[in-house]
Structures are given as structure tokens and as C-alpha cells.
Amino acid sequence: MNFILLAADQNTPFNYFPVALQLVVAIGFVIVMMGVTHLLGPKRRTKDKLVNFESGIPSVGNARQPMAIKYFLVAILFVLFDVEVIFFYPYAVNFKELGTEGFLAVVMFVAFFLCGFIYIVKKGALKWED
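Residue 55 in numbering that gives the first Met the number 0 is what sits at position 56 of the sequence shown, and the numbering runs on without skipping anything.
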């Protein structure tokens, strides 16, 4: 009985076999489905079908025209601060166990968070009037 318990505790490459098998099956499924749809799908290439489709709106102008960087900046800042807020969840779940040391760590995290926000505001990244 001890041998069975000891063998189960050892980390061997065979323990990863189910993960590797699932990965191979998933990749194989994707490849097979892409091949089947390519072989069985319709192949009528007309001029109308080869035109870019923009959600039912006719395409106007060149796609390479300049666009204000503010849209991308706000999106990146949103993602950045949204991801930082996610780190509050583990603290909220474990705040009793973390004690004073955990509280000080969260205060330091919030201080860095606010320093970044103040920097962004001072640089004018959120001002839309130009």
C-alpha cells in the first residue's frame, strides 16, 4: 500500500500524459475542421463576395488615413487600470488573514496606483480638447 502512495506522489512525465493527449486532440480537431470546411465549402468567388464587408456599411475612403491616438491611449489606460483593480479581489477575500502587513502592502499598491493616475492626469492624457 505504501508503494502505491509513494508512486502517486512522484511527479513523472507520465503524469502529464492526459494534458498532452487533450492538447493533441484539440489541435487535431481544429486542423480537421479547417480542412473539412475548406474541402466541402462553396467555392463561388464573385466580385461582390471578394469586396470587404463593413457590417453592412459601404466602405468609404482609405483605411490607412490617420486617426487620433487619443482613442488608443484611453483604451490602453482603461485596460491598465482595470487590470490593477483586479488585484484588489484577493486582498478583499483574505484581508483578515493578511493582517497589518497585508494592509500596508495594499496601501503601497494604492499609492503606486494613484501616482500613476496623477502622472497621467498631469501629462494631459485624458484631455480631449485639442
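Glycine included, every Cβ here is placed at the ideal spot set by N, Cα and C.
| Check | Outcome |
| --- | --- |
| C-alpha distance - Ile30 paired with Thr45, whole-angstrom precision | 27 Å |
| Beta-carbon proximity check, Glu83 vs Phe116, cutoff 7 Å | no |
| Pair within 7 Å by beta-carbon distance, Ala124 and Leu72 | yes |
| Boundaries (first-last residue) of the alpha helix (DSSP H) holding Leu76 | 69-85 |
| Beta-carbon proximity of Val105 to Tyr118, cut-off 7 Å | no |
| For Phe16 and Met9, the rounded distance between their alpha carbons | Correcting the residue type first, residue 9 is Gln in the shown sequence and not Met. Rounded to the nearest angstrom, the two C-alpha atoms are 14 Å apart. |
| Length of the line joining the Cα atoms of Leu20 and Thr11 | 16 Å |
| Coarse secondary structure for Leu125, derived from DSSP in three states | coil |
| Close Cβ partners of Lys69 (< 7 Å) along its chain, the five nearest in sequence each way excluded | Trp127 |
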